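Just so you know, we're using our numbering here: the sequence shown kicks off at 27 and counts up by one.
Where a beta carbon is used, it is the ideal one built from N, C-alpha and C, also for glycine.
Keep in mind that this is a model prediction, so the values were computed, not measured.
Remarks on the structure that follows.
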Amino acid sequence: PLVGMASSGTGGGYWLVSANGSVTSFGGVRSYGSAGDLDIGTDVAGIAATPTGKGYWIATTAGRVLAFGDAPYLGSPSELGEGSADLIVGIRASRHTYGYWTCSSKGRIRAFGDVYFLGHAPPGAMVDPVVAFAALPAT
């Protein structure tokens, strides 16, 4: 199944990513690689484009972030000791700088690169699991 979509930011196209990590490009964007060719050992949670539209990050539910094209690797929740019960549900990138946020099913936000951490849900505050999140357009 499809789990994410990222726009190039220039209006020239977009990418879709499936749970197995396969990336399909549409419009005037090209594919910069796919996690579908890698043994990632978990499902993909989402995809986020770089500000140039010449690369993207893919996040897995286990908290691993993979970089493709001009996307620099900036870190992963899995490197911070996130528990396996706290699955990553998505990734969002800044439209203006090189950075991204990830969000877990418990509402925990992590910031990587040059984006700001603005807070997350306090432990135990979420009654139901988070399934998606969004960043403000000005970010």
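Distances from the CA of D96 to each of T87, P103 and Y124 were compared; the closest alpha carbon is that of Y124. For A32, the enclosing beta strand (DSSP E) has its first and last residue at L28 to S33. In this structure, the straight-line span from the alpha carbon of L162 to that of H146 is close to 14 angstroms. The C-beta separation of L113 from S131 comes to about 5 angstroms, placing the pair in contact by the 8 angstroms criterion. Residue pairing by DSSP places G81 opposite G95 in a beta bridge. With fewer than 16 other beta carbons inside 10 angstroms of its own, G54 counts as exposed. DSSP places G39 within a strand segment (E or B) once states are collapsed to three.
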